[in-house]
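S.K.: Quick one: the structure is below, questions incoming.
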Amino acid sequence: MNYRHHFHAGNFADVMKHTLLLALLKRLNQKDKPYHYIDTHAGAGLYDLSQAEAQKSGEYLSGIHRLMSLDGSVKRLAPLTVQEYLAQVEQLRTERGRGWYMGSPWVASQLMRPIDHASVFEMQPTVLQELQYYLYDKRFGIHARDAYEGLLAVIPPREKRGLVMIDPPYETERKDFPQLVELIAAAHAKWPTGVYAVWYPIKDRPMIERFEKKMQKTGIKRQLICELCVWPDDTPVGLNGCGLLVINPPWQFSDEADAILQWLFPHLKMSEAGGHAAVRWLVGE
């Protein structure tokens, strides 16, 4: 996978990540107290899918394009959070053009209230400039900072409540994500009550099993695994599926996440045989 997210914007993994992110933020909004949103690898914030990068990969065609092309009667049967996600996409397209899609900081900006704040990190200079342009929001602190250092510097936030979205460049991660596990463990030790959402690609099931075992060995409680695999595990493609590891998920999020993924799977699957959508506890209370 090419780390520059312009190539992957709007693909099935983005659909999964952004619907679940929306669900998490909605649940944080249920309490009157403010929270802090942290995005460790923010990207550009918004993406024009008509540009060369997205057109070259064409990944959005089997992701958001599929969902937006569904009949309205089908969309109305989707879980409420999926409907709200699709409404966000439609609103963005109405404002900017049919080819536009959002990144996770923009999704968060639409859900956050005036009392909430965010810290987002992006290291690539040109992408950072785009992010600063698209996400001009006084609630957001935008930092040209390495997430592996920056995250630990900004937690715990003064709000005491919050969500950390972690979606690192897996091109630089070794096979079973040891750097990522170390970051999560260090962050949790410093802010054990925060909600952590960690997106990861699924290409090789044994590697994912090793990653899960490493996470179990951290001793962190309340680890929820959400998976959407649009291809069978043994299919030799670039990306069979993706996962979202959620630490400290809000009350009833697991049930909502399962309903979301079970609805998304038949609309996004790439093979008639195999693939799956599943939500399970990796570590309980």
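In my numbering, the protein residues as written are 112 to 396.
Built from N, CA and C at the ideal position, the CB exists for glycine as well.
For G183, is the classification buried or exposed, using 16 other Cβ atoms within 10 angstroms of its Cβ as the cut-off for buried?
M.R.: Start at 1 with the first residue of the sequence shown, and residue 183 comes out as number 72. Result: exposed.
S.K.: Which of the three DSSP states, helix, strand or coil, is assigned to K249?
M.R.: In the sequence shown, counting from the first residue as 1, residue 249 sits at position 138. Residue state, collapsed to three classes: coil.
S.K.: Measuring alpha carbon to alpha carbon, tell me which residue in W211, V306 and F118 is nearest K167.
M.R.: On the sequence shown, residue 167 is found 56 positions in, with the first residue counted as 1. Among W211, V306 and F118, the Cα nearest to that of K167 is on F118.
S.K.: Does the Cβ of I226 have 16 or more other Cβ atoms within 10 Å, making it buried, or fewer, making it exposed?
M.R.: As a working note, residue 226 is residue 115 in the sequence shown. I226 should be labelled exposed.
S.K.: Could you tell me which uninterrupted alpha helix (DSSP H) segments, each at least 4 residues in length, are contained entirely in the stretch 150 to 233, listed from first to last along the chain?
M.R.: 163 to 168, 175 to 179, 183 to 186, 191 to 207 and 215 to 222
S.K.: Can you tell me whether W302 is buried or exposed, with buried defined as 16 or more other CB within 10 angstroms of its CB?
M.R.: Looking up residue 302 in the sequence shown gives position 191. So W302 counts as buried.
S.K.: Could you pull the start and end residues of the beta strand (DSSP E) that E260 belongs to?
M.R.: As a first step, residue 260 is located in the sequence shown; it is residue number 149 there, counting from the start. Taken as a continuous stretch (DSSP letters only), E260 belongs to no beta strand (DSSP E), being part of the alpha helix (DSSP H) at A258 to V265.
S.K.: Going along the chain, which residues of its own chain have a beta-carbon closer than 6 Å to the beta-carbon of A370, five neighbours each way excluded?
M.R.: As a working note, residue 370 is residue 259 in the sequence shown. Here the set comprises P190.
S.K.: Taking the beta strand (DSSP E) that M276 falls in, what are its first and last residues?
M.R.: For the purposes of this step, residue 276 is identified with residue 165 of the sequence shown, where counting begins at 1. Where M276 is concerned, the enclosing beta strand (DSSP E) stretches over G273 to I277.
S.K.: Give a yes or no on whether the C-beta atoms belonging to Y259 and L294 are separated by under 7 Å.
M.R.: The residue you call residue 259 lines up with position 148 of the sequence shown. The residue you call residue 294 lines up with position 183 of the sequence shown. Result yes, Cβ atoms of Y259 and L294 sit closer than 7 Å.
S.K.: DSSP three-state call for R391: helix, strand or coil?
M.R.: For the purposes of this step, residue 391 is taken as the residue at position 280 of the sequence shown. In this structure, R391 counts as strand in the three-state DSSP scheme.
S.K.: Given a threshold of 16 other Cβ atoms within 10 Å of its Cβ, counted over all protein chains shown, does E320 qualify as buried or as exposed?
M.R.: Numbered from 1 along the sequence shown, position 209 holds the residue referred to as residue 320. That one is exposed.
S.K.: Quick one, which of E338, R391 and P317 has its alpha-carbon nearest L363's?
M.R.: Working through the sequence shown from its first residue, we reach residue 363 at position 252. This sequence places Gln at residue 363; Leu is not what is there. Ranking E338, R391 and P317 by Cα distance to Q363 puts R391 first.
S.K.: Mind pulling the alpha helix (DSSP H) runs of 4 or more residues that sit fully within the stretch 289 to 361?
M.R.: 289 to 301 and 316 to 328
S.K.: DSSP on Y146, reduced to helix/strand/coil?
M.R.: Along the sequence shown, one-based indexing puts residue 146 at 35. Y146: coil per DSSP, three-state reduction.
S.K.: Measuring alpha carbon to alpha carbon, tell me which of V357, P236, Y212 and D345 ends up nearest I336.
M.R.: The sequence position of residue 336 within the sequence shown is 225, counting from 1. Per the Cα distances, V357.
S.K.: Whole angstroms are fine: how far does the CA of L350 sit from the CA of M112?
M.R.: For the purposes of this step, residue 112 is taken as the residue at position 1 of the sequence shown. For the purposes of this step, residue 350 is taken as the residue at position 239 of the sequence shown. Only weak support is given to the placement of M112: the predicted model assigns it a pLDDT of 41, under 50, and the value that follows is read from those uncertain coordinates. About 8 Å.
S.K.: Once you ignore the five residues that flank V126 on each side, which residues in its own chain have a CB closer than 7 Å to its CB?
M.R.: For the purposes of this step, residue 126 is taken as the residue at position 15 of the sequence shown. Cβ within range, chain order: G174, I175, L178, L375 and L379.
S.K.: Just the Cα atoms here: how many angstroms apart are T192 and E323?
M.R.: Start at 1 with the first residue of the sequence shown, and residue 192 comes out as number 81. Start at 1 with the first residue of the sequence shown, and residue 323 comes out as number 212. Roughly 28 Å between the two C-alpha positions.
S.K.: Less than 8 Å between the CB atoms is what I'm expecting for A298 and L355, so what's the real figure, rounded?
M.R.: Residue 298 sits at position 187 when you count from the first residue of the sequence shown. Residue 355 sits at position 244 when you count from the first residue of the sequence shown. Contact flag wrong, Cβ pair sits at about 16 Å.
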